[in-house]
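Whatever position you read off the sequence shown (first residue = 1), add 2 for our numbering.
Okay, structure first, notes after.
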Amino acid sequence: MEALASSGKIARWVCVDGVVAGNFAATYGGALAENFFNVYFAGKSIDYAQMNYEWVRTRLHDPRDSSNSSFYGDFPTHFWLAADDNAYAKFVTNFSKRANDGVVLVEDGILRNLPPESRYLGLSPTRSVIHATHEGTKTNTGIQAGLAAGLTGRKRVKITLETVRVLTEFDGGDRGDGEYVFGVKVFSPTAQTAYSITQPIHELRAEDNSFPFFTMAREAIYTVNEVWFDDMILDGETQLRLETNVDEVDGSAIYQITEDSGEVLQSLADTTITVSTTAAQSYLLETADWQAIIRVDTVDYPDFQEIVRQNAAANWALYE
Numbered sequence: 003m004e005a006l007a008s009s010g011k012i013a014r015w016v017c018v019d020g021v022v023a024g025n026f027a028a029t030y031g032g033a034l035a036e037n038f039f040n041v042y043f044a045g046k047s048i049d050y051a052q053m054n055y056e057w058v059r060t061r062l063h064d065p066r067d068s069s070n071s072s073f074y075g076d077f078p079t080h081f082w083l084a085a086d087d088n089a090y091a092k093f094v095t096n097f098s099k100r101a102n103d104g105v106v107l108v109e110d111g112i113l114r115n116l117p118p119e120s121r122y123l124g125l126s127p128t129r130s131v132i133h134a135t136h137e138g139t140k141t142n143t144g145i146q147a148g149l150a151a152g153l154t155g156r157k158r159v160k161i162t163l164e165t166v167r168v169l170t171e172f173d174g175g176d177r178g179d180g181e182y183v184f185g186v187k188v189f190s191p192t193a194q195t196a197y198s199i200t201q202p203i204h205e206l207r208a209e210d211n212s213f214p215f216f217t218m219a220r221e222a223i224y225t226v227n228e229v230w231f232d233d234m235i236l237d238g239e240t241q242l243r244l245e246t247n248v249d250e251v252d253g254s255a256i257y258q259i260t261e262d263s264g265e266v267l268q269s270l271a272d273t274t275i276t277v278s279t280t281a282a283q284s285y286l287l288e289t290a291d292w293q294a295i296i297r298v299d300t301v302d303y304p305d306f307q308e309i310v311r312q313n314a315a316a317n318w319a320l321y322e
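See below:
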């Protein structure tokens, strides 16, 4: 596989639950983690040593979660991550207190803060998260739809949660303002029609710590500006369906909120909205418990004929 990037033979790179920035457990877990990985890989594997943070820093890129290679600027890069930690007795969660899929931390599966020369069209790589374990990514149909979009789609859609206002008091008194996670599930109508895929193509949940919490007082308007979705969509996709899943967090080891013992979430009223992917537009979301404004923005990627012109040495006939 050497020299594929430098010779212009990569059209797109889609990474599913990879350890591009190393692996937390392999770095800090000692003999216990090494034994776990030896069992997981069904025998002693060099992967364990090569997932160490220092190995990545020394041999690949430093800082370990970024890169200054200009080759990344030649093709789109898409990261797919899993965030269901309900595997192996939450070994990684109890150890790291960070979002993970039972094997890999979410933050270890992405490259971020890339310099301008390492960004295709000047944009950061896309990042989508799904509620699945590390092994569960193999059969998750939402990821399958997302992979199809990542490999063949020409339009990138970004949905931003801009402002939020909480209408109903969930904490208050001695417990102070509430801690809210504004989760969302994103569905592809085209994937459902074409492939009968009904699972979300992207999902942010309080249970997974895949979206930050915000401390908010009732009736105040907060500017959040957090990304709800940022990825490619299937050709012909003119709409996306969003289902919110908003919680107030009273107890969470991974968020390190300890108002109550154990995992304690209070669900807020949720809503469903269909947004257009054909033009930039803002939308108001309203429930009995909260209000929000979201914004949809789009970017059109070059078609493959343009990619062929840019990479004359590559033969894209099979890919097209």
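Note that beta-carbon positions come from the ideal geometry of N, C-alpha and C, so glycine has one too.
In this text, all values refer to a predicted model and were calculated from it rather than measured experimentally.
Which residues bound the beta strand (DSSP E) around A84?
Sequence index remark: in the sequence shown, residue 84 carries index 82 (1-based). Taken as a continuous stretch (DSSP letters only), the beta strand (DSSP E) holding A84 covers T79 to A84.
Which value, in whole angstroms, describes the spacing of the CA atoms of H204 and S9?
Here the question's residue 204 lines up with position 202 in the sequence shown. Here the question's residue 9 lines up with position 7 in the sequence shown. Computed Cα separation, rounded: 33 Å.
Report, in whole angstroms, the separation of the C-beta atoms of S190 and L236, which I expect to be a contact under 8 Å.
Walking along the sequence shown from the start, residue 190 turns up at place 188. Walking along the sequence shown from the start, residue 236 turns up at place 234. Indeed they touch by this definition, with Cβ atoms about 6 Å apart.
Continuous alpha helix (DSSP H) stretch holding E56: start and end
Mapped onto the sequence shown, residue 56 falls at position 54. Residues Y55 to R61.
So which of T246, A290 and W292 has the shortest CA-CA distance to I275?
As a first step, residue 275 is located in the sequence shown; it is residue number 273 there, counting from the start. If we check each option's Cα against that of I275, T246 comes out closest.
Contact between the region 15-32 and the region 40-60 is defined here as three or more beta-carbon pairs at a separation below 8 Å; is this criterion met?
yes
Would you call the CB atoms of T217 and W292 closer than 9 Å?
Position 215 of the sequence shown, counted from the start, is the residue given in the question as residue 217. Position 290 of the sequence shown, counted from the start, is the residue given in the question as residue 292. No.
DSSP three-state label for Q194, please.
Along the sequence shown, read from residue 1 onward, the residue named residue 194 stands at position 192. Looking at Q194 - three-state DSSP - the assignment turns out to be helix.
Whole-angstrom distance between L242 and K160, CA atom to CA atom:
By 1-based counting over the sequence shown, the position of residue 160 is 158. By 1-based counting over the sequence shown, the position of residue 242 is 240. So the two alpha carbons sit approximately 11 Å from each other.
With a threshold of 7 Å on Cβ separation, who are the neighbours of A91 within its own chain once the five nearest residues in sequence on each side are excluded?
As a working mapping, residue 91 is identified with position 89 in the sequence shown. Same-chain partners within the cutoff: there are none.
I256: CB within 8 Å of a non-hydrogen atom of the ligand ADP:
Looking for the ligand ADP in the displayed structure turns up nothing, as the structure carries no ligands at all.
Can the beta-carbon of R156 be found less than 9 Å from the beta-carbon of L125?
One-based indexing of the sequence shown puts residue 156 at position 154. One-based indexing of the sequence shown puts residue 125 at position 123. No. Outside cutoff.
Does the distance from the C-beta atom of V168 to that of W82 stay below 9 Å?
To locate residue 168, count along the sequence shown from 1; it is residue 166. To locate residue 82, count along the sequence shown from 1; it is residue 80. Not in contact: V168 and W82 (Cβ atoms no closer than 9 Å).
Please give me, in chain order, every unbroken run of the beta strand (DSSP E) with length at least 3 that falls completely inside the region 72-121.
79-84
Expressed to the nearest angstrom, what Euclidean distance is found between the alpha-carbon atoms of A211 and T128?
Within the sequence shown, the letter at position 209 stands for residue 211. Within the sequence shown, the letter at position 126 stands for residue 128. Here residue 211 turns out to be Asn, not Ala, going by the sequence shown. So the two alpha carbons sit approximately 19 Å from each other.
The beta strand (DSSP E) with I235 in it runs from where to where?
For the purposes of this step, residue 235 is taken as the residue at position 233 of the sequence shown. Taken as a continuous stretch (DSSP letters only), the beta strand (DSSP E) holding I235 covers I223 to I235.
Taking 8 Å as the threshold, find out whether the region 180-200 comes into contact with the region 100-119 through three or more Cβ pairs.
no
Would you list the one or two residues that DSSP bridges to E9?
Here residue 9 corresponds to residue number 7 of the sequence shown, with the count starting at 1. Reading the sequence as shown, one finds Ser at residue 9 and not Glu. The partner list for S9 (beta bridge, DSSP) is empty, contrary to what the question assumes.
With DSSP run on the structure shown, which of helix, strand or coil describes F26?
Position 24 of the sequence shown, counting from 1, holds the residue named residue 26. Helix.
Taking the alpha-carbon positions, what's the L286 to A222 distance?
Position 284 of the sequence shown holds residue 286. Position 220 of the sequence shown holds residue 222. Distance between the alpha carbons of L286 and A222: 16 Å.
Using the Cβ count rule (16 or more neighbours within 10 Å means buried), how would you classify R207?
Taking the first residue of the sequence shown as 1, we reach residue 207 at position 205. Per the 10 Å Cβ criterion, buried.
Spatial neighbours of F38 within its chain, please: CB distance less than 8 Å, with the 5 preceding and 5 following residues excluded, ordered by chain position.
The residue you call residue 38 lines up with position 36 of the sequence shown. Result list for F38: A27, G31, Y90 and F93, in chain order.
For the putative contact between D76 and L113, defined by C-beta atoms under 8 Å, what is the C-beta separation to the nearest angstrom?
Numbered from 1 along the sequence shown, position 74 holds the residue referred to as residue 76. Numbered from 1 along the sequence shown, position 111 holds the residue referred to as residue 113. The Cβ separation is near 15 Å, so there is no contact.
Between F231 and the rest of its own chain, which residues show a CB-CB distance below 6 Å, the 5 nearest in sequence each way excluded?
Residue mapping note: residue 231 aligns to position 229 of the sequence shown, counting from 1. The residues are I161, V188 and H204.
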